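Undergrad: From first to last, the protein sequence lines stand for chains X and P. The numbers in the first sequence follow full-length UniProt numbering, run straight up by one, and end at 210. The numbers in the second sequence follow full-length UniProt numbering, run straight up by one, and end at 210. From the three backbone atoms N, C-alpha and C, an ideal C-beta is built for every residue, glycine too. This one's a predicted model, so the numbers in the text were calculated from it and none came from an experiment.
Number of protein chains: 2
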Amino acid sequence: MPPRGRPRNFDRETVLRKALDVFWRKGFEHTSMADLTAAMGLNPPSLYAAFGSKEGLFREVLELYRRHGGNGIWEAVADSASAREAVAHVLRRSAQAFSHEDRPPGCLIVLAAPQSEGASPAICEILREHRTRNISVLRERFERAVADGELAPGTDCQALATYLATLQHGMSILARDGADRAALMSVADTGLAAWDALVSRPPAPAPDPH
Amino acid sequence: MPPRGRPRNFDRETVLRKALDVFWRKGFEHTSMADLTAAMGLNPPSLYAAFGSKEGLFREVLELYRRHGGNGIWEAVADSASAREAVAHVLRRSAQAFSHEDRPPGCLIVLAAPQSEGASPAICEILREHRTRNISVLRERFERAVADGELAPGTDCQALATYLATLQHGMSILARDGADRAALMSVADTGLAAWDALVSRPPAPAPDPH
DNA sequence: CCTTTTATGTATCGATCAATAAAAAATAAC
DNA sequence: GTTATTTTTTATTGATCGATACATAAAAGG
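(1) Kindly indicate which three-state DSSP category residue 46/X falls into: helix, strand or coil?
(2) Can you find the residues in the same chain that come closer than 8 angstroms, C-beta to C-beta, to residue 104/P, ignoring five residues on each side of it along the sequence?
(3) Under 8 angstroms between the Cβ atoms of residue 195/X and residue 77/X?
(4) Span of the alpha helix (DSSP H) holding residue 62/P?
(5) Enumerate in chain order the residues of its own chain whose CB-to-CB distance from residue 141/P is below 6 angstroms, with the five nearest sequence positions on each side excluded.
(6) Just the Cα atoms here: how many angstroms apart are residue 15/X and residue 39/X?
(7) Residues of chain P with a CB under 7 angstroms from the CB of residue 110/X: which are they?
(8) Skipping 5 residues on each side, what residues in its chain have a beta carbon closer than 7 angstroms to that of residue 58/X?
(9) Interface residues of chain X around residue 155/P at Cβ under 7 angstroms?
(10) Restricting to Cα atoms, I'd like to know which of 126/X, 127/X, 173/X and 167/X is closest to residue 129/P.
(11) What do you get for residue 53/P, buried or exposed, if any count of 16 or more other CB atoms within 10 angstroms of its CB means buried?
(12) Spatial neighbours of residue 44/P within its chain, please: CB distance less than 7 angstroms, with the 5 preceding and 5 following residues excluded, ordered by chain position.
(13) Report the start-end ranges of each alpha helix (DSSP H) in the stretch 63-120 of chain X that is 4 residues or longer and not cut off at the edges.
(14) If I follow the unbroken alpha helix (DSSP H) through residue 166/P, where does it start and stop?
(15) Does the distance from the CB of residue 176/X to the CB of residue 96/X come in under 8 angstroms?
(16) Please report whether the beta-carbon of residue 193/P lies at a distance below 8 angstroms from any beta-carbon of chain X.
(17) Counting only beta-carbon separations shorter than 8 angstroms, does residue 121/X have a partner in chain P?
(18) Buried or exposed: where does residue 188/P fall if 16 or more other Cβ atoms within 10 Å of its Cβ makes it buried?
(19) With residue 94/X and residue 73/X assumed to form a contact (beta carbons below 8 angstroms), what rounded beta-carbon distance in angstroms separates them?
(20) Interface residues of chain P around residue 80/X at Cβ under 9 angstroms?
(21) So that I know if they touch, is there some Cβ in chain X lying closer than 8 angstroms to that of residue 29/P?
(22) For the alpha helix (DSSP H) that residue 218/P lies in, which residues bound it at each end?
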């Protein structure tokens, strides 16, 4: 049964995708409501009735990004067959996603509001939490790898996770600076080679024959 | 001999430091002229007479940052005794500088205007060139290290330089997200360990006895 | 002194910011 | 058809944006 009043003549997800594109290219602060209404094809009152405010719109855009635009970079980490596969996936998938020709370069979550002051504090905090969670996701996978025996006991999983997330966040800057897919993939491959070298177990000491 | 008219009652460099602090914390776009006049203690006409425009002020702030605020992260690369020392210096000095308690966290050049659209295109381009130059500085040092025999012939200097600059740029994001000096230094040390592992020459084949 | 020159303080410019008021339009319930 | 409900359209709102006009103040040159 349709609702009582006049039906809206736009699809919520369709216009959210338009908003995502604008926020992704221009960041939160520099995207004006005029930019959004133009891109979404809505008059301001329709936009505010549907999404509440610029900040509320961005929150919904961020959810859409995580569902469809985030490209599954981080979601696959927990289910990956090994820590190495998780690292390879994150780095290479990032290189691909950040150079996708149909999308703005780099990651919305890294690039949309890097200032600690200035942009809406709530927006900054949400994005910061997403970035911090990237580290946790990696760390937890690495800890499991230690328990599984893939990684040596005593491996500093927090340090490795922070290091890799930092590299991946830097790849957004690189992409935004115009790097092509080959350059991004080169960084990913170098990072993966570094991973292999970092976590290679030193030759196990000969077991005590006694 | 003093100039003809009424002397200005502020020191150019002193107020530039105030402006640097504001731009560093809030980025180019979200810093308003009202923020700047308040922090610098100037009325708008004095500010415009001295610096021309917000963009002109930022250009001078950027020069000041490179001279005094940049902390000598990249300047020492060309003169470093070895490629490894250059890498160690860049990573560790960044960890220190990005967590200096008297300064905003992270690097102005990475954080001030990450959007490709939106902020003044000229400002974005200047910052982008600085970041790109970071890669070149590293690459050139690595190429010299290959010529010196420190690095193996055939080493992909461009890939290594891009990888390390990407890591260093990511450290600004990490710092802006609140990481303390220990966390930043952990990333630096991990990156340095990765460097050592990446460039370690495979054992040289036994020289042909003939 | 008076003129010239430069900097300052006050007040404000038009443009744009995010967000709305009010009325007309389009549907369902009755 | 009439009413109730919701969306759309049009036209603005006060606030803030970067940047200035204008008059005054403070110095040097004559």
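TA: Result, derived from the coordinates:
(1) helix
(2) 21, 24 and 25
(3) no
(4) Start and end: 54-64.
(5) 77, 83 and 86
(6) 8 angstroms
(7) 173
(8) 23, 28 and 123
(9) The premise fails here: residue 155/P is roughly 11 angstroms from chain X at the closest Cβ pair, so nothing lies under 7 angstroms.
(10) 173/X
(11) exposed
(12) These residues qualify, in order along the chain: 33 and 37.
(13) 83-98 and 108-111
(14) 157-176
(15) no
(16) yes
(17) With 8 angstroms as the cut-off, residue 121/X does not count as an interface residue toward chain P.
(18) So residue 188/P counts as buried.
(19) Contact between residue 94/X and residue 73/X holds, with the beta-carbon distance rounding to 6 angstroms and staying under 8 angstroms.
(20) Neighbours of residue 80/X on chain P: none; closest Cβ ~21 angstroms, over 9 angstroms.
(21) Under the 8 angstroms criterion on CB atoms, residue 29/P is classed as interfacial with respect to chain X.
(22) Residue coverage of chain P in this structure runs from 1 to 210, which leaves residue 218/P outside it and unanswerable.
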